[in-house]
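Chains as they are written, first to last, in this note's numbering: chain G, 51 to 540; chain C, 51 to 540. All C-beta atoms in this analysis are idealised placements derived from N, C-alpha and C, irrespective of residue type, glycine included.
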């Protein structure tokens, strides 16, 4: 079984994630639910994001509505541009995403902005036909990926947001004013976005409903190098991937050599890399890839993708786009509001530019799972080597046997810890089997209550990775877990 | 200004919440965004919910998709029953929610299940006409409150879920199996639900897109009194409201007197009340109201609402419904899956019954804000007396002046605390004014850096409520904040 399938099996069998509405035949593709194990892990990932990006940098976080008015997406360009090329079979009516289908069959990667006639020519040249029935294709069309919503009895047109950042852009004026903002101002948001993919696939990797954690940094385009906090991280070595070749280079050198355009962008890219180091992803299998002109989104003036290598190829986890004043200019024009702000430092009126870090949460969770997965053949076990602060369960509380008061003792310890830590009580099966179950979902510790516990109030703590056991006082457990578990490793 | 308007002003001016898409004329009604202050408070409320309900009771939490297949809502009854009565003006086409409109004009409260002819009769009897143009109404119709979604190029019918619990019901079989569930099993979920209200209003109180925290307890209907954990809370006095009169009575007595039907329901209602005690809501202005047959939702065999009194009347914060086997039976019939499980205790095959606690997060936030709001005329200040663990900001870090190294010292303290606590650095304006700003958003502490700090590394900590100051070592700050701030008060 390849690693993707192994992780999928684990996810399905151990409560990480599974298809939504799965008991129904009409369950739409591209929708997945997090189970109890997955929710815990995702929540702890979000906590880490809040700590290491939002609070570390002093960002402001908002939480906006997912349904937004039509005007927003006229201004953002999504009504016109947020489309995928589609081909439909004349004979059986099956639909395919044209670029993906062409790439799969011919190996030919179409640019993001390929025209309809380019696509039609490739189909004719390569004599492509419907893989389902062999029929010919109609001329390609473009399919808008936004979900349309009708509001109220009058059915007013609105949309589910295709990216969370639109909430940030339209809330910017109020936030800037009421929170006494100054440029550069970073506003963050965690929430759902929705894209009506033609062909969703690969579980968490191409969803129609997914979690984004987006950060939009509003800045004065004339002062992009005035970033004092860059000082403390400018020596960090970044792993860049530019024109198909790797460069390991400090953030400062990347700016000096004009690879990264300014200190502000360099600072936030470095902050992002430092964040991912703490997730346990193998950083030697990551890169900041500079996007070529044909690959960039329609609003980006330049872009890096933070990518991670997995068993099914390189995945984009974070799109880092310099959106210039594209967004505020568009919203200003359509809403007829003046969105300029004063920058007191150079005493100018400025329409802020935006640099963004647009993170996919679901893909990040998948990547962490894959990079943490370890088949320990020596000990015949599979282990998720998750960082303690990302583990869905921090410790299992296990009575060695259920008799002689050990069950009650273990349950008491569980009830003393459960409010403060994600712990789990388990008494069923042999102790070895219970260890295996905990290791499989990445619990870093197992606390075992044995006969000695009854006489001296000590328990053993078993370390998932070393498999070593330590005996400590019950009264020390909480401190131990707190210290060990929240120790940030980078 | 009445309290509702005062809270609204505070919310708008201090980043709690504000209308979504507000810079646009076509912003749909009933959608609100949380600003930075509101997000922090909401996140901390959710943490409390996780701690005091989910973890305390050992519930499993899931996070399901918001878009769900049509079959789900055939089975749940929402396609047929989830409607509001609507009247349309023949002349100008304005639409009104019939029951609300009739209640407003005539004071006559229609039952939940009033028929169309009942409504039409009342309109004729009371000679009601359109309040906008004076025109006559058409015969009343029913408006389905679900938002319809088209999936993929073939536009398959799906819906935004009108309640989060449907994800829990359809995920139940997998969760029960993979998490080795045993009845009673409580599954919780925090997430968004969507209702296409005819007339959304009052900011967070009647939204079209809103946060629910729902808990569904799957139980064996033959063992509803076998709840050992009820023992420790059966003496808790509940404030019940039944047939228009109050009864303060212990949970146990309520069961004995058949007011609450069984121990399981009594246990969860008590757990809920204990949770709200910790939110700072004035419990003397709350009640568990038993719903009459005409008021209950279509799936409930009996129901209590946990309500709180506010300046605009009693608000339902939590619907506590005994849904019997309504949901699993419906899903079993439509999906043709057998959803029975084995209960090893009485060794029977059972289709679980469900008792639910369906909490509105947004309304809870509003109620906490209102109950915490305090106009301190003596000291000419307004204070949000939020519990420290719910406060959006735990402490402000304030240099008394910005000169002589005080700014740098204060910024250093801020940077030492910011990763672990929601703290806020503020140097602008007089110290008194900075205190006021912190009090207004409920920050329980203000840490001031003064000249003495430079010589002996101490700071003052000012308590929001007592306004008293305490001088402590900087090295003790983190411990102090941790201890004071996370001390749960009930």
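Judged by beta-carbon spacing, residue 229 of chain G lies beyond the 8 Å limit of residue 407 of chain G, meaning their Cβ atoms are not closer than that value. Under the Cβ distance rule, residue 496 of chain C does not count among the residues neighbouring chain G, no pair being separated by less than 8 Å. Residue 509 of chain G: member of the beta strand (DSSP E) spanning 508-513, first to last residue.
By DSSP's assignment, residue 261 of chain C forms a beta bridge with C:242.
When the Cα atoms are used, residue 425 of chain C and residue 441 of chain C turn out to be separated by approximately 18 Å. Around the beta carbon of residue 272 of chain G, fewer than 16 other beta carbons lie within 10 angstroms, which makes this residue exposed. Between residue 120 of chain C and residue 206 of chain G, the CB-CB gap reaches or exceeds 8 Å. Listed along the chain, the chain C residues whose CB falls inside 8 Å of the CB of residue 442 of chain G amount to none; the nearest CB is some 10 Å away. Inter-segment contact for the stretch 351-363 of chain G and the stretch 378-385 of chain G is absent: fewer than three beta-carbon pairs are separated by less than 8 Å.
Following the DSSP letters along the chain, one finds residue 91 of chain G in no beta strand (DSSP E) but inside the alpha helix (DSSP H) bounded by residues 86-99.
Between the alpha carbons of residue 316 of chain G and residue 364 of chain G lies a distance of about 22 Å. Between the stretch 194-206 of chain G and the stretch 136-145 of chain G there are fewer than three C-beta pairs closer than 8 Å, too few to call the two in contact. Nearest to residue 341 of chain C by C-alpha distance, out of C:293, C:222, C:330, is C:293. Runs of beta strand (DSSP E) with 3 or more residues, each lying fully within the stretch 344-394 of chain C, are found at 352-360, 363-374, 391-393, listed in chain order. Per DSSP, reduced to three states, the secondary structure at residue 482 of chain G is helical. Listed along chain G are 119, 121, 122, 220, 384, 385, each with a C-beta nearer than 8 Å to that of residue 74 of chain C.
For residue 532 of chain G and residue 289 of chain G, the gap between their C-alpha atoms comes out near 33 Å.
At a C-beta separation below 7 Å, residue 202 of chain G has these neighbours in chain C: 246, 248. Against chain C, the CB of residue 519 of chain G has no partner CB under 8 Å away; the residue lies outside that interface.
When C-alpha distances from residue 87 of chain G are compared across G:124, G:158, G:280, G:489, the shortest belongs to G:489. A Cβ-Cβ separation of about 5 Å places residue 71 of chain G in contact with residue 118 of chain C under the 8 Å criterion.
The way I'd put it, the stretch 221-235 of chain C doesn't touch the stretch 160-175 of chain G; fewer than three beta-carbon pairs between them come closer than 8 Å. The C-alpha of residue 204 of chain C lies about 11 Å from the C-alpha of residue 146 of chain G. Under a 10 Å Cβ-count criterion, residue 319 of chain G is classified as buried, with 16 or more other Cβ atoms of the shown protein chains found around its own Cβ.
Taking a Cβ-Cβ cut-off of 7 Å, residue 277 of chain C has no neighbours in chain G, whose nearest Cβ is about 16 Å from it. Residue pairing for residue 236 of chain G: DSSP places it in a beta bridge opposite G:267. Around the beta carbon of residue 529 of chain C, fewer than 16 other beta carbons lie within 10 angstroms, which makes this residue exposed. For the pair of segments examined, the stretch 263-271 of chain G was found to touch the stretch 210-226 of chain G: the number of CB pairs separated by less than 8 Å reaches three.
Per DSSP, the beta bridge partners of residue 118 of chain G are G:209.
Taking 8 Å as the threshold, the shortest C-beta distance from residue 381 of chain C to chain G falls below it. Of the residues G:270, G:444, G:202, the one whose Cα lies closest to the Cα of residue 397 of chain G is G:270. Restricting attention to G:101, G:378, G:451, G:494, the CA atom closest to the CA of residue 480 of chain G is found in G:451.
Below the 8 Å Cβ cutoff, chain G contributes 70, 71, 81, 82, 83, 259 as neighbours of residue 115 of chain C, in chain order. In terms of beta-carbon proximity, residue 159 of chain G stays away from the interface with chain C, with every pair separated by 8 Å or more. When Cβ-Cβ separations below 8 Å define contact, residue 193 of chain C makes contact with chain G. At a cut-off of 8 Å between beta carbons, residue 65 of chain G contacts chain C.
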